[in-house]
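Asker:
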Amino acid sequence: MKILTIIGARPQFIKAAPVSRVLRKHMEEKIIHTGQHYDANMSDIFFEELHIPKPDYHLGVGSGNHGKQTGEMMAKIEDIVLSEKPDYLMVYGDTNSTLAGALVAAKLHVPVIHIEAGLRSFNKKMPEEINRIMTDHVSEFLFCPTDTAVTNLDNENITHNVFNIGDVMYDAVLYNRELANEKSTILEDAGLTAKKYHLITIHRAENTDDIEKMKNILDAFSKIEDVKVWPIHPRTKHKLADYGLNLDDVPNIKVIDPVGYLDMLTLEANAKKIVTDSGGVQKEAYFMKVPCVTIREQTEWVETLEGEANILTGTDTGKILAAVQKEVSPQYKEVFGDGQASEKIVELIKK
Ligand code: UD1
Ligand code: UDP
């Protein structure tokens, strides 16, 4: 059996690592890297650290508006699907690389396997929401990380071949946590003391593409006295430069380049709080039992909101400040599976 896997953005490398490891014991896999993310610290570093097999195809599509980026990916993926003739095409998450792969395969009648299916924010202004809905509706196998995701699909009348197998990102965290402990020197390198800093990540278009929202967010960060470390996503870096917003005015902030996965796990595990708009980082905060503040109006990861493990603030400065300063004592549950999602996916595909 031959699987063609499409990846292209940072979180997809991390999700594919545990699945590929198991998949390749049982079937043939070919990997297409769309090139959506291309900086060494957004792409290569994850292949090296996580021992992801070298892509068989690199499309080099790079950045661009949605239509151009997705369209170029589709044209190139189509040629490869026609020549490779895979039995299945596998996509992860909700990026433009996900959508491009799913649409091409569906039109060529190659069954699509969607990993991380069924997530919904119910906000169609988010590009990710469009990508998720479209991908789910053309997929043949839908591997969901949570019961909520299964229910969301059910509500859209998608019930065939829907499986809650848990979250592949949990597999990745369990597999790499010890390694991160052994290998990462990021706390020393960045001059940080465990549990004495907040970790920040902001990159979602809904925030970065709105100057007023970014001003509010930076205003909140300026009022947080604790040390803050921010591995900044290139999108955010470029946007702040365009807006003329300067992070030098924010006290006690260490802005660093994007870090590798092992350093990121270490930064997360040792943070006092995590302040983010990332989907993956919200979950990792939950897995590591570190309180999270999410600068968004909605989250797809609604399970994390229980017991204030994660607090949604939107971009109101006062709400962000209050959430970061709030003392919380969350209770965590096993809502993201048992760390065996990759094995379950492969078993189900084999069947
Ligand atoms: C994409 C996904 C988003 C996901 C994120 C993960 C879509 C629509 N969005 O957003 O869901 O959360 O990846 O990180 O697919 N850039 C670089 N170097 C890189 C990559 C990007 O400089 O290696 C800069 C470019 O200026 C580019 C911008 O970041 O225009 C945005 O990149 P893009 O891949 O279009 O979207 P992300 O914001 O990364
Ligand atoms: N991540 C990383 N280095 C960083 C920032 C994030 O390795 O500097 C990892 C993080 O641990 C998580 C994933 O990237 O596994 C999340 O990706 P991102 O926030 O870019 O996208 P999202 O999950 O919001 O789609």
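The opening position of the sequence shown corresponds to residue 0 in numbering that gives the first Met the number 0, with each subsequent residue numbered one higher. Ideal Cβ placement from N, Cα and C applies to all residues, glycine included.
1. Could you spell out the range, first to last residue, of the beta strand (DSSP E) harbouring LYS253?
2. Applying the 10 Å Cβ sphere with the 16-neighbour rule, what's the burial state of ARG20?
3. For LYS222, which residues of its own chain have a beta-carbon under 6 Å away from its beta-carbon, when the five flanking residues on both sides are left out?
4. Alpha carbon to alpha carbon, how far is GLY59 from SER120?
5. Hey, ILE112 and SER138 are a contact pair by Cβ (cut 8 Å); roughly how many whole angstroms apart?
6. Using the three-state DSSP reduction, which class does GLU305 fall into: helix, strand or coil?
7. Please report the residue range of the alpha helix (DSSP H) in which ASN151 lies.
8. Any residue with its C-beta under 5 Å from a non-hydrogen atom of ligand 1 counts. Can you list them all in chain order?
9. With a threshold of 6 Å on Cβ separation, who are the neighbours of GLY338 within its own chain once the five nearest residues in sequence on each side are excluded?
10. In chain order, what residues of the same chain have a beta carbon less than 6 Å from the beta carbon of ARG131, not counting five sequence neighbours either side?
11. Considering only C-alpha positions, which residue in the set HIS57, TYR285, GLU299 and ASP78 is nearest to TYR37?
12. Under the rule that 16 or more other beta-carbon atoms within 10 Å means buried, what is LYS84, buried or exposed?
13. Consult DSSP for VAL90 and reduce its assignment to one of helix, strand or coil.
14. Whole angstroms is fine: what's the gap from GLY313's alpha carbon to ASN215's?
15. In chain order, what residues of the same chain have a beta carbon less than 7 Å from the beta carbon of VAL149, not counting five sequence neighbours either side?
16. What first and last residue would you give for the alpha helix (DSSP H) that runs through TYR169?
17. Between which two residues does the beta strand (DSSP E) carrying ILE348 extend?
18. Note down the Cα distance separating GLY70 from SER42, rounded to an integer number of angstroms.
19. If contacts are defined as beta-carbon pairs under 8 Å, then VAL327 and GLU307 qualify, I think. What distance do you get, rounded to the angstrom?
20. List the whole-angstrom C-beta distance separating ALA204 from LYS253, where the pair is believed to meet the contact cut-off of C-beta under 8 Å.
21. How long is the line joining the alpha carbons of MET213 and TYR242, rounded to whole angstroms?
22. Please list the terminal residues of the continuous beta strand (DSSP E) segment that includes TYR196.
23. Let's test the definition: count the other Cβ atoms within 10 Å of the Cβ of LYS238 and tell me whether it reaches 16, buried, or not, exposed.
24. Per DSSP, THR293 forms a beta bridge with which residues?
25. For GLN330, count neighbouring C-beta atoms within 10 Å of its own C-beta (all shown protein chains included) and say buried if the count is 16 or more, exposed if not.
26. Identify the continuous beta strand (DSSP E) that holds HIS227 and give its terminal residues.
27. Rounded to a whole number of angstroms, what is the C-alpha to C-alpha distance between ALA219 and ALA322?
28. Tell me which same chain residues have a C-beta within less than 6 Å of the C-beta of ARG9, skipping the five on either side of it?
Answerer: For this structure:
1. Counted from its first residue, the sequence shown places residue 253 at position 254. First-last of the beta strand (DSSP E) with LYS253: 252 to 255.
2. The residue labelled residue 20 in the question sits at position 21 within the sequence shown. Per the 10 Å Cβ criterion, buried.
3. In the sequence shown, residue 222 corresponds to position 223, counting from 1. Excluding positions up to five away in sequence, the list reads LEU320.
4. Taking the first residue of the sequence shown as 1, we reach residue 59 at position 60. Taking the first residue of the sequence shown as 1, we reach residue 120 at position 121. So the two alpha carbons sit approximately 30 Å from each other.
5. Counting from one through the sequence shown, the residue named residue 112 turns up at place 113. Counting from one through the sequence shown, the residue named residue 138 turns up at place 139. At roughly 7 Å, the Cβ-Cβ gap stays under 8 Å, so ILE112 and SER138 are in contact.
6. Taking the first residue of the sequence shown as position 1, residue 305 is located at position 306. Three-state DSSP puts GLU305 in a helix.
7. Numbered from its first residue, the sequence shown carries residue 151 at position 152. Note, ASN151: alpha helix (DSSP H), 146 to 154.
8. ALA8, ARG9, GLN35, HIS36, TYR37, ASP38, MET41, SER62, THR94, ASN95, PRO126, GLU127, PRO233, ARG234 and HIS237
9. Residue mapping note: residue 338 aligns to position 339 of the sequence shown, counting from 1. So the qualifying residues of the chain are TYR169, ASP170 and LEU173.
10. As a first step, residue 131 is located in the sequence shown; it is residue number 132 there, counting from the start. Cβ within range, chain order: ASP93 and LEU118.
11. In the sequence shown, counting from the first residue as 1, residue 37 sits at position 38. Ranking the options by Cα distance to TYR37, first place goes to HIS57.
12. Reading the sequence shown from its first residue, position 85 is the one you call residue 84. Exposed.
13. Counting from 1 along the sequence shown, the entry for residue 90 is found at position 91. In the structure shown, VAL90 sits in a strand (DSSP, three-state: E or B).
14. For the purposes of this step, residue 313 is identified with residue 314 of the sequence shown, where counting begins at 1. For the purposes of this step, residue 215 is identified with residue 216 of the sequence shown, where counting begins at 1. About 10 Å.
15. For the purposes of this step, residue 149 is identified with residue 150 of the sequence shown, where counting begins at 1. So the qualifying residues of the chain are GLY117, CYS143, VAL161 and ASN163.
16. As a working mapping, residue 169 is identified with position 170 in the sequence shown. 167 to 182 is the extent of the alpha helix (DSSP H) around TYR169.
17. In the sequence shown, residue 348 corresponds to position 349, counting from 1. Where ILE348 is concerned, there is no enclosing beta strand (DSSP E), although the alpha helix (DSSP H) it sits in stretches over 340 to 349.
18. Taking the first residue of the sequence shown as position 1, residue 70 is located at position 71. Taking the first residue of the sequence shown as position 1, residue 42 is located at position 43. Distance between the alpha carbons of GLY70 and SER42: 21 Å.
19. As a working mapping, residue 327 is identified with position 328 in the sequence shown. As a working mapping, residue 307 is identified with position 308 in the sequence shown. The Cβ separation is near 4 Å, so the contact holds.
20. On the sequence shown, residue 204 is found 205 positions in, with the first residue counted as 1. On the sequence shown, residue 253 is found 254 positions in, with the first residue counted as 1. Going by Cβ atoms, the distance from ALA204 to LYS253 rounds to 25 Å, so no, they are not a contact pair.
21. For this step, residue 213 is matched to residue 214 along the sequence shown. For this step, residue 242 is matched to residue 243 along the sequence shown. Computed Cα separation, rounded: 9 Å.
22. The residue given as residue 196 occupies position 197 in the sequence shown. Its beta strand (DSSP E) spans residues 196 to 200.
23. As a position in the sequence shown, residue 238 is number 239, starting the count at 1. Under this definition LYS238 is a buried residue.
24. Translated into positions along the sequence shown, residue 293 becomes position 294. Partner(s): THR275 and LEU311.
25. Residue numbering aside, residue 330 sits at position 331 when the sequence shown is read from its first letter. Classification of GLN330: exposed, given that the 10 Å Cβ count is below 16.
26. Counted from its first residue, the sequence shown places residue 227 at position 228. Note that residue 227 corresponds to Lys in the displayed sequence, not to His. Element bounds for LYS227: 226 to 230.
27. On the sequence shown, position 220 is the one that residue 219 refers to. On the sequence shown, position 323 is the one that residue 322 refers to. For ALA219 and ALA322, the distance between alpha carbons rounds to 11 Å.
28. Here residue 9 refers to the residue found at position 10 of the sequence shown. Same-chain partners within the cutoff: HIS36 and MET41.
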